[in-house]
Amino acid sequence: MPRTTRARALTALVSAASVALLLSGCAGAAAPASTVSADCTPAHEGLTTFTPGTLTVGVPENLPYTQTKGTDAAGLEIDVVRKLAEAECLALAFVPITYANGIPMISEQHRTDIITGGWYVTEARAQQVGFTSPTFFDSMGIISKDGIDTVSGLESVGAVGSGAGFSWEADMSRILGGNFKTYPGTAEMKQDLINGRIQAALDGYAVATVAYADTDFVVKPAAEDDRVAITTEQPMIAFPIDKDNTALADAFSALIDGFRADGTLAELNASYGLPDSLIVPADKAATSIR
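Numbering of the sequence shown is given in the working numbering, commencing with residue 7 and proceeding in unit increments.
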């Protein structure tokens, strides 16, 4: 065998061994959090997942949507995922993720079939992953002592904090200028708000209702303001999913649309104290990027 051929063969063997090791390590990290009855009949036959018979779900820390609990998980989106897995006779395995590595865990590493945590449906993300039918809207939540609910009201309040990376960041920065400050996460921003270093804060409405429930601060959804795009066109939230597994995405989307129609999404949403206005209606869902 020529030297170059032997080198390629050795490289292939090493690569295969590395992949096998990676996959075996992933299986160990994603301990099953549920089992399936032997007589279970799936709503859709022939679905496949990265680990046969198991839906591996990526879970960031982002209440009320998601929270890890050892090898288990909890939250609004986890409740939806449990119903999806139950309908399709799939066991569940939960894997901790961050918002930095969530998409690559599907598109590059093939370690999760689906990820949770309140992901916005965007054109850019749709280049890397598929999406299920959307479930909920998000809204810019304003957190303040006085219940401010308009962008105009923020212009005279003083320093305003915001989680970094939100879709409103550029718009609000233009409006507030030097009074606009970004934070890596809700916890850091909440601390500064409580300590008076900022006078108001911006966060996802659902996240803020949970994060500030133990404080005297008031959380309000921002009223429409033509200067801030998110207030006039709310982003839709869906589950990012393997772009090549259209059968799984279609099956889950059909189930989600059923949950929308029969009131399941509304019931789950209400159990977290969230308003029905955050549920994406059928006509809007039909236009979402898939």
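Heads up, the beta-carbon is just placed ideally off N, CA and C, and yes, glycines get one too.
Just so we're clear, the structure is a prediction, and the values are computed from it rather than from any experiment.
*CB-CB length for residue 83 against residue 74, believed under 8 Å*: With 8 Å as the limit, residue 83 and residue 74 do not qualify as a contact, their Cβ atoms being about 13 Å apart.
_Quick check on the burial criterion: 16 or more other C-beta atoms within 10 angstroms. Buried or exposed for residue 355?_
In the structure as shown, the chain starts at 7 and stops at 296, and residue 355 therefore has no counterpart that could be examined.
*Within the same chain, show all residues whose beta-carbon is closer than 8 Å to that of residue 56, passing over the 5 residues directly before and after it, in chain order.*
Excluding the 5 residues flanking it on each side, residue 56 has same chain C-beta neighbours closer than 8 Å at 62, 116, 117, 118, 119, 248, in chain order.
*Opening and closing residue of the beta strand (DSSP E) in which residue 90 lies*: Counting along the chain, residue 90 falls outside any beta strand (DSSP E), though it belongs to the alpha helix (DSSP H) covering 82-93.
_For the alpha helix (DSSP H) containing residue 209, name the first residue and the last one._
Per DSSP, residue 209 lies in no alpha helix (DSSP H); the unbroken beta strand (DSSP E) holding it starts and ends at 206-210.
*Go ahead and label residue 197 buried or exposed: buried means 16 or more other beta carbons lie within 10 angstroms of its beta carbon, across all protein chains shown.*
Classification for residue 197: exposed.
_Would residue 135 and residue 154 be called neighbours here (beta carbons separated by less than 8 Å)?_
The Cβ atoms of residue 135 and residue 154 lie no closer than 8 Å to each other.
*Considering only residues of the same chain and omitting the five flanking positions on each side of residue 274, which have a CB-CB separation below 7 Å?*
Cβ within range, chain order: 82, 85, 86.
*Put residue 33 into one of helix, strand or coil per three-state DSSP.*
For residue 33, the predicted model reports a pLDDT of 38, less than 50, meaning its position is unreliable; a value from the coordinates is still stated below. In the structure shown, residue 33 sits in a helix (DSSP, three-state: H, G or I).
*alpha helix (DSSP H) runs contained entirely in the segment 217-272, provided each spans 4 or more residues*: Segments of the alpha helix (DSSP H) lying fully in the segment 217-272: 235-238, 252-268.
_Please report the distance separating the alpha-carbon of residue 293 from that of residue 220._
In this structure, the straight-line span from the alpha carbon of residue 293 to that of residue 220 is close to 38 Å.
_Straight-line gap, residue 138 to residue 258 (C-alpha atoms, nearest Å)_ = Approximately 6 Å, taken between the alpha carbons.
*asked:* Run through the DSSP bridge pairs and tell me what residue 188 is partnered with.
replied: The partner list for residue 188 (beta bridge, DSSP) reads 168.
*What span of residues does the beta strand (DSSP E) with residue 44 cover, start to end?*
Element bounds for residue 44: n/a, residue is neither H nor E.
*In the DSSP assignment, find the alpha helix (DSSP H) that holds residue 290 and state where it starts and stops.*
DSSP places residue 290 in the uninterrupted alpha helix (DSSP H) bounded by 288-291.
_Distance check for residue 124 and residue 165, CA to CA, integer angstroms please._
A direct Cα-Cα distance of roughly 27 Å separates residue 165 from residue 124.
*Collapsed DSSP secondary structure at residue 155 in the structure displayed*: Residue 155: coil per DSSP, three-state reduction.
*Taking all protein chains shown into account, do 16 or more other C-beta atoms lie within 10 angstroms of the C-beta of residue 203, making it buried, or fewer, making it exposed?*
By the neighbour-count rule (16 or more Cβ atoms within 10 Å), residue 203 is not buried but exposed.
*Among the residues of its own chain, which have a CB less than 6 Å from the CB of residue 205, if the five just before and after it don't count?*
For residue 205, same chain residues with a beta-carbon under 6 Å away, outside a window of 5 residues either side, are 163, 164, 165 in chain order.
*Roughly how many angstroms separate the alpha carbons of residue 156 and residue 173, rounded to a whole number?*
When rounded, the separation of the alpha-carbon atoms in residue 156 and residue 173 is 17 Å.
_Expected contact under 8 Å - CB spacing of residue 241 and residue 112 to nearest Å_ = About 20 Å separates the two Cβ atoms, so there is no contact after all.
*Ordered along the chain, which non-local residues of its own chain (more than five positions away) have a Cβ less than 7 Å from that of residue 50?*
Apart from the 5 residues on each side of it in sequence, residue 50 sits with its Cβ closer than 7 Å to the Cβ of 94, 257 in its chain, given in chain order.
*In whole angstroms, what separates the C-alpha of residue 287 from that of residue 67?*
Our two residues, residue 287 and residue 67, have alpha carbons roughly 27 Å apart in a direct line.
*Going by the beta-carbon positions, is the gap between residue 53 and residue 254 smaller than 8 Å?*
A contact, by the Cβ cut-off of 8 Å.
*Please look up how many angstroms separate the CB atoms of residue 170 and residue 190, rounded, as I've assumed it's under 8 Å.*
Indeed they touch by this definition, with Cβ atoms about 6 Å apart.
*Along the alpha helix (DSSP H) that carries residue 58, what are the first and last residues, could you check?*
Secondary structure note for residue 58: it is in no alpha helix (DSSP H), with a DSSP letter that is neither H nor E.
_Per DSSP, the bridge partner or partners of residue 74_ = The secondary-structure analysis by DSSP pairs residue 74 across a beta bridge with 79.
*Which residues bound the beta strand (DSSP E) around residue 179?*
Segment 175-182 is the alpha helix (DSSP H) holding residue 179; no beta strand (DSSP E) there.
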